[in-house]
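Read the structure below first, then the notes.
Number of protein chains: 2
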Amino acid sequence: MTDFAATKALFHLPDGIVYLDGNSLGPLPRAAAARVSQTVTDEWGEMLITGWNKAGWMALPMALGDRIGRLIGAEPGHVVTGDTLSIKVYQALASALAMRPDRRVILSDTGNFPSDLYITQGLVKMLGDGYELRLVAPEEVAEAITDDIAVTLLTEVDYRTGRKHDMAALTAKAHAVGALAIWDLAHSAGAIEVDVAGAGADFAVGCTYKYLNGGPGAPAFIYVAPRHADQAPPALSGWLGHAAPFAFDLDYRAGAGIERMRVGTPPILQMRALDCALDIWDSVDMAALRARSIELSERFIAGVEAACPTLTLASPRDPQNRGSQVSFRFDQGYAAMQALIDRGLIGDFRAPDIMRFGFTPLYLDEADIDRAIEIIADVIDNALWDQPQYMERKAVT
Amino acid sequence: MTDFAATKALFHLPDGIVYLDGNSLGPLPRAAAARVSQTVTDEWGEMLITGWNKAGWMALPMALGDRIGRLIGAEPGHVVTGDTLSIKVYQALASALAMRPDRRVILSDTGNFPSDLYITQGLVKMLGDGYELRLVAPEEVAEAITDDIAVTLLTEVDYRTGRKHDMAALTAKAHAVGALAIWDLAHSAGAIEVDVAGAGADFAVGCTYKYLNGGPGAPAFIYVAPRHADQAPPALSGWLGHAAPFAFDLDYRAGAGIERMRVGTPPILQMRALDCALDIWDSVDMAALRARSIELSERFIAGVEAACPTLTLASPRDPQNRGSQVSFRFDQGYAAMQALIDRGLIGDFRAPDIMRFGFTPLYLDEADIDRAIEIIADVIDNALWDQPQYMERKAVT
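Protein chains in written order, with my numbering: chain X, 1 to 397; chain D, 1001 to 1397.
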């Protein structure tokens, strides 16, 4: 029901490249170059300040939020875009803690993306007063949800291994002890079927430059469950979250519902690029995407394991327990990844030894997967990674 | 020493428009369209994830920060760009409060931009524990700096009237009572001569889409004085402010100096547009800019006052006490501004009765000012604003 050959044609992919890193930065939707250009030239250039009304800039954060909302199973009107994911984590967490003033413990796991933990540590330090970040191993989360927990802050899909938490079960457990559940969907939105409403999530946050293909530095998003939307304090209470931003009152009054999670002036050029990317998503059925993702990743695992016995699967073997990435452990993973990139296969490396490959059915097919397996087999089996130029670490890996 | 005819040629200005709203959104630098296009097509499109290293994306927040630093008198290496101004206000304020743990009062004034006050109110509420935002009239700030003040949070130039605080004097007063001084430079950076180092400012923040011409939603900037840079806690402690972001440690360690004020993934398309705008600023001498700004605004005031006795100057008459804008009060200011815009003169309106005009020597000259005066005289003296279509309020004004 989704035509993946048709979606593939809507992306620009450089010649000779197999791109298994859409889980870090999605590729360019072909239409984005013209759309961004038009925004710069015809809107900024010609409309100047009047673009906020005439070109609809001011409405973009909510409009884009709603289109993302469909992909994560949110109720219409309850997602807004803006800022970065780290900022949105902070906003969700501070808001949730204010809603559970009698508790002091934030529960997360050691597989969470470090920025979520760093942001939490900063907030805990600022709040003082007995606040605590409690970290357990990912497989111990369920039993660690005890009745002193204020908030669970979990990333559904592990950025290194692709291991997937059971969002519905953990959320139910959190609610059973009176805690609130925040879900980070960085590796879920556009990667797998997500149903934040069905799972009962209280807050969800995510980024749009990975599976959603919004471009480098594309804005983040935040979801607040309708039952909380008019009560949740926004924490970062900026003017565009005010009930009447252009009244310029001296006192803050939170806007209605999710609008209050807006903070400052939205990044219009980034939002237009994201807008283009979401045009493609509008045609995608998420169940079909998930089925195709599993098909491609199973083919990849089978091929790599057959060809390279020295690589160890770091991801769950059962695709139901994985997101849309596959990781292998290899002691010389950093150098090996450089060697792969040099040969046209782009994946990425995560310390200490994870070689990570993302599966993105919108623009990958069997031929890409088979070519990837060939290149990996060549690099690993012939130790092509064992070259000084592949050992040297770059700033961003 | 700065050739303002030459800088004017570097901007695209729509035909038939006199643009006196560069204090809200600067116009398009001609080079920006191609630069942003190239970033989209050649960098995002061709380099994909490797753009973070190959195209230098990861270094942009600091590189742009340094170029802004020169315009505000900052020491090299002590300004970084990112996020929005409201977020940077929060970061500076939370950081400053943590550095004065024995005090609870934040001093600001009723002329401050409301978002700064909203952000402060949100933080005060979150911190609880006796924290307080104390608001006084702008002219009472100096005497209100008493020894219970933890932090002064002031915008140098009033967004409505253009009234300019004495940054050096108020900072000295704050320091004399043991307080820290945060300066919001939203209407200063690129508008007037600023010397944060000379004035002894502890923190400064600002936006880049007004006088700096970075485009709609361009990133903000933050300055931390070198004496604090390695001690100031970043408050929003995201991964790109970590000492080693790509080590993916579980514990936050603040990066060196201003780098710790980075939070999440930078908006690359916006940063490239800003990069282009700063190319123009590299050729500008700030003393020459200030002299030219005063020359143009004095010409404007004289012309408008001679032609329109019903308008009342809302800005300080002495140009030394003004930023680079001129405001007039007029009961029907909203409708009058719509009528001006309809006739090709773009300024803006700020409640309740302020008609606001920005002076930006990079792309305005005497002919523009004289044409503006003509249009204003026509609209006001002939009551052309008295039409139903000019009364209807738009979302963004």
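All residues carry an ideal CB built from backbone N, CA and C; glycine is no exception.
Spatial neighbours of residue i in its chain, beta-carbon cut-off 8 Å, leaving aside the 5 residues before and after
i: residue 85 of chain X; result: 115, 184, 186, 205, 206, 207 and 220
i: residue 47 of chain X; result: 54 and 55
i: residue 1013 of chain D; result: 1019, 1027 and 1363
i: residue 177 of chain X; result: 145, 146, 147 and 149
Whole-Å CB distance - residue i paired with residue j, under 8 Å assumed
i: residue 1100 of chain D; j: residue 1169 of chain D; result: About 21 Å separates the two Cβ atoms, so there is no contact after all.
i: residue 314 of chain X; j: residue 341 of chain X; result: Contact flag wrong, Cβ pair sits at about 19 Å.
i: residue 1268 of chain D; j: residue 1039 of chain D; result: 6 Å
i: residue 49 of chain X; j: residue 1025 of chain D; result: 5 Å
i: residue 290 of chain X; j: residue 193 of chain X; result: 5 Å
i: residue 1145 of chain D; j: residue 1107 of chain D; result: 6 Å
i: residue 298 of chain X; j: residue 319 of chain X; result: 6 Å
Extent of the continuous alpha helix (DSSP H) to which residue i belongs
i: residue 1276 of chain D; result: 1268–1281
i: residue 52 of chain X; result: 51–54
i: residue 118 of chain X; result: 114–127
i: residue 37 of chain X; result: 30–38
i: residue 7 of chain X; result: 4–8
i: residue 1086 of chain D; result: 1085–1099
i: residue 295 of chain X; result: 286–307
i: residue 390 of chain X; result: 388–391
i: residue 1171 of chain D; result: 1167–1176
i: residue 355 of chain X; result: Careful: residue 355 of chain X lies outside any alpha helix (DSSP H), inside the beta strand (DSSP E) at 354–358.
i: residue 1132 of chain D; result: That residue, residue 1132 of chain D, is in no alpha helix (DSSP H); its beta strand (DSSP E) goes 1132–1136.
i: residue 960 of chain D; result: Within the shown structure, residues of chain D are numbered from 1001 to 1397, placing residue 960 of chain D beyond reach of any answer.
Cβ shell of residue i (< 7 Å), same chain only, five flanking positions each side left out
i: residue 64 of chain X; result: 81, 271, 274, 275 and 278
i: residue 1001 of chain D; result: 1285 and 1288
i: residue 229 of chain X; result: 78, 257 and 258
i: residue 1224 of chain D; result: 1078, 1203, 1232, 1258 and 1261
i: residue 1347 of chain D; result: 1020, 1021, 1337, 1340, 1355, 1356 and 1357
i: residue 1197 of chain D; result: 1073, 1074 and 1075
i: residue 252 of chain X; result: 237 and 242
Boundaries (first-last residue) of the beta strand (DSSP E) holding residue i
i: residue 1325 of chain D; result: 1325–1329
i: residue 248 of chain X; result: Neither: residue 248 of chain X is in no beta strand (DSSP E) and is coded neither H nor E.
i: residue 1343 of chain D; result: Neither: residue 1343 of chain D is in no beta strand (DSSP E) and is coded neither H nor E.
i: residue 1206 of chain D; result: 1203–1207
Close-in-space but distant-in-sequence residues of the same chain around residue i (CB under 6 Å, 5 per side omitted)
i: residue 1090 of chain D; result: 1119
i: residue 109 of chain X; result: 136, 138 and 141
i: residue 1345 of chain D; result: 1018, 1372 and 1375
i: residue 293 of chain X; result: 324, 359 and 361
i: residue 112 of chain X; result: 155
i: residue 1218 of chain D; result: 1208, 1209, 1270 and 1274
i: residue 1240 of chain D; result: 1262
Chain X within 7 Å of residue i, Cβ atoms only
i: residue 966 of chain D; result: This structure cannot settle anything about residue 966 of chain D, because the visible part of chain D is limited to 1001 through 1397.
i: residue 1024 of chain D; result: yes
i: residue 1018 of chain D; result: no
i: residue 1041 of chain D; result: yes
i: residue 1429 of chain D; result: Beyond the ends of chain D as shown, which are 1001 and 1397, falls residue 1429 of chain D; an answer cannot be given.
i: residue 1291 of chain D; result: no
i: residue 1021 of chain D; result: yes
i: residue 1005 of chain D; result: no
i: residue 1369 of chain D; result: no
i: residue 1309 of chain D; result: no
i: residue 1033 of chain D; result: yes
i: residue 1049 of chain D; result: yes
Residue-chain proximity (residue i, chain D), Cβ-Cβ < 7 Å
i: residue 114 of chain X; result: yes
i: residue 387 of chain X; result: no
i: residue 14 of chain X; result: yes
i: residue 392 of chain X; result: no
i: residue 118 of chain X; result: yes
i: residue 45 of chain X; result: yes
i: residue 121 of chain X; result: yes
i: residue 101 of chain X; result: no
i: residue 306 of chain X; result: no
Scan the stretch 132–155 of chain X for residues whose Cβ lies nearer than 8 Å to a Cβ of chain D and list them as they occur along the chain.
135
Within 9 Å of chain X by C-beta, residues of the stretch 1257–1271 of chain D in sequence order
1263, 1264, 1265, 1266, 1267, 1268, 1269, 1270 and 1271
What residues in the stretch 1083–1095 of chain D bring their beta carbon closer than 8 Å to a beta carbon of chain X?
1083, 1084, 1085, 1086, 1087, 1090 and 1094
Determine which residues of the stretch 1219–1251 of chain D have a Cβ less than 9 Å from any Cβ of chain X, and write them out in chain order.
1219, 1220, 1233, 1234, 1235, 1236, 1237, 1238, 1239, 1240, 1241, 1242, 1245, 1246, 1247, 1248, 1249, 1250 and 1251
Quick one: which residues of the stretch 1336–1361 of chain D get their C-beta closer than 8 Å to a C-beta of chain X? List them in chain order.
1341, 1346, 1348, 1350 and 1351
Give me the subset of the stretch 57–76 of chain X whose CB atoms are less than 7 Å from a CB atom of chain D, sorted by chain position.
57 and 58
Check distances from the C-beta atoms of the stretch 1185–1213 of chain D to those of chain X and list, in chain order, the residues that come in under 8 Å.
1207 and 1209
Residues within the stretch 1312–1326 of chain D neighbouring chain X, beta-carbon criterion of under 9 Å:
none
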